[in-house]
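Under the UniProt record's numbering, the residues of the sequence shown are numbered 1 to 419, in order.
Only one structure is covered here, and it is reproduced in the block below.
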Amino acid sequence: MLLDTLRFRLRRLWRECALAWIPLSPVGKLRRSLALLPLLAISLAVSLLVTGCSLPEVSAESRLFAPVALEFVDSYTLPKNAAPDVGGLSGLAYDRQKGLFYAVSDDRSNYAPARFYTLKPQMGKDSAGQSRIQKIDVIATTTLKSQNGAAYERGKIDAEGIVLSPRGTVLIASEGNADNGLPPSVSEYDLTTGKWLKSLPLPATYVPQEKDDQDLGIQNNKGFESLAINTDATADLFRIFVAVENPLEQDQTILPPETADEQTELPKDRLRMMHYALISGRTDLVGEYVYELDPGPIGTIENGLSDILSIDNAGRFFALERSLGLTGFNAKIYQFTFAGARDVQTLESLQGLPEDWSPVQKRLMLDLSTLGVTIDNVEGMTLGPKLADGSRSLWIVSDDNFDEDQVTQFLLFRLRPQK
Numbered sequence: 001m002l003l004d005t006l007r008f009r010l011r012r013l014w015r016e017c018a019l020a021w022i023p024l025s026p027v028g029k030l031r032r033s034l035a036l037l038p039l040l041a042i043s044l045a046v047s048l049l050v051t052g053c054s055l056p057e058v059s060a061e062s063r064l065f066a067p068v069a070l071e072f073v074d075s076y077t078l079p080k081n082a083a084p085d086v087g088g089l090s091g092l093a094y095d096r097q098k099g100l101f102y103a104v105s106d107d108r109s110n111y112a113p114a115r116f117y118t119l120k121p122q123m124g125k126d127s128a129g130q131s132r133i134q135k136i137d138v139i140a141t142t143t144l145k146s147q148n149g150a151a152y153e154r155g156k157i158d159a160e161g162i163v164l165s166p167r168g169t170v171l172i173a174s175e176g177n178a179d180n181g182l183p184p185s186v187s188e189y190d191l192t193t194g195k196w197l198k199s200l201p202l203p204a205t206y207v208p209q210e211k212d213d214q215d216l217g218i219q220n221n222k223g224f225e226s227l228a229i230n231t232d233a234t235a236d237l238f239r240i241f242v243a244v245e246n247p248l249e250q251d252q253t254i255l256p257p258e259t260a261d262e263q264t265e266l267p268k269d270r271l272r273m274m275h276y277a278l279i280s281g282r283t284d285l286v287g288e289y290v291y292e293l294d295p296g297p298i299g300t301i302e303n304g305l306s307d308i309l310s311i312d313n314a315g316r317f318f319a320l321e322r323s324l325g326l327t328g329f330n331a332k333i334y335q336f337t338f339a340g341a342r343d344v345q346t347l348e349s350l351q352g353l354p355e356d357w358s359p360v361q362k363r364l365m366l367d368l369s370t371l372g373v374t375i376d377n378v379e380g381m382t383l384g385p386k387l388a389d390g391s392r393s394l395w396i397v398s399d400d401n402f403d404e405d406q407v408t409q410f411l412l413f414r415l416r417p418q419k
């Protein structure tokens with residue numbers, strides 16, 4: 001009985017203290033858990049003395065990544081006439097309290113003013129009791145307003161990512177337009193009216209230079225694509241993570257001609273991710289980190305990071321990498337963590353990184369080419385409503401580019417615990 005009690009307390013205390021050290025935990029949790037460390041040490045020592053055994057070995061990787069797997073559940077294609085000018089869905093967020101999705105369109109005010117949609121999913125079950133998507137209704141369209149209070153003019157925004165904040169607003173990432181000197185941005189808008197509220201500060205390294213002499217800033221159509229918010233966000237403290245789709249101009253990998261022929265594999269593109277903290281009205285850039293993009297399959301024409309998603313309060317994320325090749329679209333989902341990654345916000349260029357630099361750590365979760373369904377231009381990702389069996393769900397949406405030959409596709413996955 002004593003041994004069982006000690007083991008139980010050890011497991012509980014270890015979990016609480018470990019979670020307190022993660023980057024996403026509020027300061028209060030850290031202080032509280034630090035106070036538990038002496039008790040943890042005593043429990044550990046007594047447990048080892050009583051049992052006369054050592055702790056089981058746990059690999060470093062298993063500690064870094066969440067023990068979860070992805071299981072494909074269903075797919076759904078949104079009808080072209082679901083709403084006027086619906087299309088270009090590039091980012092997805094879920095409102096748990098209302099049971100609604102918010103999907104931002106990357107229409108640059110060409111077909112209609114820049115906007116996001118409110119979607120209502122209708123779920124059901126098949127004969128085996130498995131969750132199925134019956135229908136998705138577009139129930140509202142919200143026009144985004146610029147700082148002057150009017151709808152965005154054509155070409156002044158390229159919305160790609162969206163998150164719902166705990167203070168009832170949405171934050172939207174705009175890719176920018178390097179050819180026109182338009183920098184990327186992350187801005188906060190009123191959820192109901194679309195009114196612009198504020199924009200996050202942007203480092204100069206992201207601002208594009210003149211088109212004819214550009215060697216700094218985002219590449220054209222390769223700016224901010226991914227946007228995430230921490231899962232334990234509060235109105236007084238939440239964190240925003242944003243990443244570029246492809247390397248900045250000054251970060252591109254350039255192989256010297258004399259060594260290019262010696263390469264046995266393609267180098268990985270290095271993408272920048274920024275971590276902001278929004279605390280009681282103040283916005284701070286906490287850090288900037290490198291995400292290494294895996295090369296696409298043979299024949300790849302386009303390859304990039306489409307979205308990122310916080311999956312727990314232990315600083316773990318999903319990443320959606322998407323490629324386009326001669327055979328169509330493909331995508332892979334990775335899990336990654338900032339643990340051990342070096343802050344690079346003081347570096348203007350990622351060329352010639354110091355020897356002790358380290359990127360975010362990631363591992364492959366799922367190759368969507370194995371699903372047995374045709375994958376479209378997937379771009380947005382969010383955690384959704386619980387499924388019939390009580391498990392968490394992951395939703396992915398595709399951008400049809402307002403092309404009649406493409407579709408707005410929703411992919412539904414189950415998050416399954418993995419031992």
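Heads up, the beta-carbon is just placed ideally off N, CA and C, and yes, glycines get one too.
None of these values were measured; they are calculated from a predicted model.
task = Please name the residue or residues paired with residue 459 in a DSSP beta bridge.
result = Absent from the model: residue 459. The displayed extent of the chain is 1 to 419, so no value can be given.
- Message: Does Asp399 pass the burial test, meaning 16 or more other C-beta atoms within 10 Å, or should it be called exposed?
- Response: buried
Subject >> Helix, strand or coil at Ala314 [DSSP, three-state] >> reply: coil
- For Asn81, does the three-state DSSP call read helix, strand or coil? coil
- request: Could you say if the region 215 to 232 and the region 299 to 319 meet the contact criterion of at least three C-beta pairs nearer than 8 Å?
  value: yes
ask   = Exposed or buried, what is Lys419 when buried is set at 16 or more other beta-carbons lying within 10 Å of its beta-carbon?
value = exposed
Q.
Please classify Ser280 as buried or exposed, where buried requires at least 16 neighbouring CB atoms within 10 angstroms.
A. exposed
| query | Hey, quick one: how far does the beta strand (DSSP E) through Asn330 stretch, first residue to last? | reply | 328 to 337
Would you mind giving the Cβ-Cβ distance between Thr205 and Tyr189, rounded to the nearest angstrom? I have them listed as a contact below 8 Å.
Not a contact, Cβ separation roughly 25 Å.
- request: Compute the Euclidean distance between the alpha carbons of Gly194 and Leu171, then round it to the nearest angstrom.
  value: 10 Å
Counted within 10 angstroms of its Cβ, other Cβ atoms place Asp403 as buried (16 or more) or exposed = exposed
Using only CA atoms, which one of Lys268, Thr143, Pro354 lies nearest to Asn159? Correcting the residue type first, residue 159 is Ala in the shown sequence and not Asn. When each option's Cα is compared against that of Ala159, the closest is Thr143.
| Which whole runs of the beta strand (DSSP E) in the region 145 to 169 are 3 residues long or more, in chain order? | 159 to 164
Check: Cβ atoms of Asp137 and Ala93: under 9 Å apart, would you say?
Finding: no
task = Can you have a look at Gln97 and say buried or exposed, based on whether 16 or more other CB atoms are within 10 angstroms of its CB?
result = exposed
Practice item. Could you name the residues of the same chain whose beta carbon sits closer than 7 Å to that of Tyr76, not counting the 5 residues immediately before and after it, in chain order? Key: Ile133, Ile136, Phe410
Helix, strand or coil, according to DSSP, for Gln351 in the structure here? coil
Checklist entry - Can you give the Cα-Cα distance for Arg270 and Leu366, rounded to whole angstroms? => result 21 Å
Exercise. Are the region 148 to 163 and the region 117 to 129 in contact at 8 Å, needing three or more beta carbon pairs?
Worked result: no
Taking just the CA atoms, how far does Gln209 sit from Leu394? 38 Å
Using 9 Å as the threshold, is the C-beta distance between Glu321 and Leu293 below it?
yes
Taking Tyr289 and Ala341 to be in contact with their CB atoms under 8 Å, please state how far apart those CB atoms are, rounded to whole angstroms.
-> 4 Å
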